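> Below is the structure I would like to discuss, written out as structure tokens.
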């Protein structure tokens, strides 16, 4: 049965958990919808800088927030990125699939990834700044998906 | 169908998400119950100081925690409230309904807002310190509501 | 009906919430499965140091993370453990069951506690370091449990 996950967090550890659950469910034959909102949008940003018009505050937010899955920090003991780097090294040693590959795998498995348009407006993030293969929608779409699902998580 | 949301967090960004989902669901005809616990209780505090008897530690907690929806910080990059102020400015520019109005709208739409009595005891928060229109209950009530719902989130 | 809770957080306040909900549901006759992952594994660590082989980074993680339920910090205003101590004092004054007793009660009530094996690998945590009465499994087991449940929370 369908699963939905709201990815509100932009922390590497929480986002990893979201994608591990999502990919696991898809592998077991479930439909999965991931809804990225607020800090979770950072996961979907392209790593390169994209020229778009923003207000001053939106530009500031954009500049302060990590650009893409490879630059996320961890939610505890990050120490300016050191913790995230340590965690990535240990994950590699333990053959845990890295986040960028989990995202690619999610796409290949047909997991629906929706970027929250209201959050995009607030954060000043434009479609051109996000990776390909996304859908764009708001809370009504999320609720319609959740109504069809039997597991709905907020991460 | 019914939705329940546990509002554990007292961070402006997470609480906004909770109310946007709750109001969205109510607008689509769903019954919604929000259960405020721990830091989430701060959302419900009246902005003005209310004289009530507290133990020393409870008074200290009360003094350190934000009084009401208008004073919440954001979960990341808050910088002593600067981040929250910036986010409110951007939200206003983007015509996002502010939190205080989302709360009023939740009440008008008949969303059930329950304050967790055990958390109130721990935090030393009295009914007189909270906004009107709340119900007061514990985990058994939450579980009974969740049993009737098809979407249950912990935020 | 069955409930599942993913305990991702290792913060005292969030973990307390998880166990209060879990014990409440079990008391009402529900089957409950708790799935401990990432920081949530710290909840299950034995308080004493256990000699096991670890890589340098795993040893470092193990050393930096709290050993067991009694040493967890709170998610806000922890101030190097002071906040957690204050919260425990207030909880005692208010006759709230302490976390260690909530865990014991969960075990007595037959709540299934699963430690996430992938997280154990990453964090370098061995079975010998964890308290008794646990099961060990991965995301597929979690998903199978969640499919049978009507309330699934991520904490």
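Residue numbers (the working numbering), protein chains in the order written: chain A, 2 to 156; chain B, 2 to 156; chain C, 2 to 156.
Positions of the beta carbon are idealized from the N, C-alpha and C atoms, including for glycine.
From a predicted model like this one, the values you see are computed outputs, not experimental measurements.
Who are residue 4 of chain B's beta bridge partners in DSSP?
B:33 and B:152
> Measure the C-alpha to C-alpha separation of residue 127 of chain A and residue 15 of chain B and round it to an integer number of angstroms.
Near 22 Å, if we compare the C-alpha coordinates of residue 15 of chain B and residue 127 of chain A.
> Can you tell me whether residue 135 of chain B is helix, strand or coil according to DSSP?
coil
> Rank A:123, A:130, A:103 and A:86 by C-alpha distance to the C-alpha of residue 35 of chain A and give the top, closest one.
A:103
> Closer than 6 Å by C-beta to residue 39 of chain B: which residues in its own chain qualify, once you throw out the five before and the five after it? Chain order, please.
Excluding positions up to five away in sequence, the list reads 9 and 120.
> Less than 7 Å between CB atoms is the rule here; does residue 139 of chain C satisfy it with respect to chain B?
no
> Is residue 154 of chain A close to chain C, meaning its C-beta is less than 7 Å from at least one C-beta of that chain?
yes
> Comparing C-alpha positions only, which one of B:4, B:132 and B:62 sits nearest to residue 22 of chain B?
Looking at the Cα atoms, B:4 is the closest of the given residues.
> Mind the definition here: the segment 71–83 of chain B touches the segment 104–119 of chain A only if three or more C-beta pairs lie below 8 Å; say whether that holds.
Of all C-beta pairs linking the segment 71–83 of chain B to the segment 104–119 of chain A, fewer than three are shorter than 8 Å, placing the two stretches out of contact.
> Closer than 9 Å by beta-carbon distance: list the chain B residues that pair up with residue 2 of chain A, in chain order.
Chain-order list of chain B residues neighbouring residue 2 of chain A: empty, with the shortest C-beta distance near 12 Å, by a criterion of under 9 Å.
> Any idea if residue 136 of chain B is buried or exposed, counting beta-carbon neighbours within 10 angstroms, 16 or more meaning buried?
It counts as exposed.
> Determine, for residue 147 of chain A, whether the minimum Cβ-Cβ distance to residues of chain B falls below 7 Å.
Chain B contact via Cβ: present.
> Closest to residue 44 of chain B by CA distance: which of B:95, B:84 and B:18 is it?
B:18
> Our contact map puts residue 11 of chain C next to residue 60 of chain C with C-beta atoms below 8 Å; I'd like the distance itself, whole angstroms only.
Incorrect: roughly 18 Å between the Cβ atoms, too far for contact.
> Using a C-beta to C-beta distance shorter than 9 Å, which residues of chain A count as neighbours of residue 144 of chain C?
4, 22, 25, 26, 29, 31 and 152
> State the beta-bridge partners of residue 107 of chain B as determined by DSSP.
The partner list for residue 107 of chain B (beta bridge, DSSP) is empty, contrary to what the question assumes.
> Run through chain C and tell me which residues come within less than 9 Å of residue 58 of chain B, C-beta to C-beta.
87, 88, 90, 91 and 94
> Please go through the same chain and pick out, in chain order, the residues whose beta-carbon is closer than 8 Å to the beta-carbon of residue 26 of chain C, but skip the five residues on each side of it.
The answer, listed in chain order, is 4, 33 and 152.
> Would you mind telling me which residues of chain B sit closer than 9 Å to residue 40 of chain A, beta carbon to beta carbon, in chain order?
14, 76 and 77
> Where are the alpha helix (DSSP H) runs, 4 residues long or more, that stay fully inside the segment 26–76 of chain B, in chain order?
57–65
> Report all residues from its chain with a CB closer than 6 Å to the CB of residue 118 of chain C; omit the five preceding and five following residues, and keep chain order.
137 and 139
> In whole angstroms, what separates the C-alpha of residue 13 of chain B from that of residue 51 of chain B?
22 Å
> Under 9 Å Cβ-Cβ, which residues of chain A neighbour residue 119 of chain C?
Within chain A, the residues placing a beta-carbon under 9 Å from that of residue 119 of chain C are 21, 95 and 97, ordered along the chain.
> If you draw a straight line from the C-alpha of residue 85 of chain A to the C-alpha of residue 74 of chain A, how long is it?
5 Å
> Pop quiz: residue 69 of chain A and residue 108 of chain A are said to be a contact at Cβ under 8 Å. What is the actual Cβ separation, rounded to whole angstroms?
Their Cβ separation, rounded to whole angstroms, is 15 Å, which puts residue 69 of chain A and residue 108 of chain A out of contact at 8 Å.
> Chain C beta carbons: is any one of them nearer than 7 Å to that of residue 123 of chain B?
yes
> Is the distance from the Cβ of residue 156 of chain A to the Cβ of residue 155 of chain C below 7 Å?
Cβ distance < 7 Å, so residue 156 of chain A and residue 155 of chain C count as in contact.
> Verify the CB distance criterion: does residue 18 of chain B have a CB-CB separation below 7 Å to chain A?
yes
> Suppose contacts are defined by Cβ-Cβ distances below 7 Å. Is residue 91 of chain B in contact with residue 131 of chain A by that definition?
no
> Considering only the beta carbon of each residue, do residue 148 of chain C and residue 95 of chain A sit closer than 7 Å?
no
> Tell me the DSSP secondary structure of residue 114 of chain B in three-state form.
strand
> So residue 2 of chain A packs on residue 31 of chain A, CB below 8 Å; how close in whole Å?
6 Å
> Pick helix, strand or coil for residue 78 of chain C, following the three-state DSSP scheme.
It is coil, neither helix nor strand.
> Tell me the rounded alpha-carbon separation between residue 141 of chain A and residue 150 of chain B.
17 Å
> Between the alpha carbons of residue 48 of chain B and residue 62 of chain B, how many angstroms are there, rounded?
16 Å
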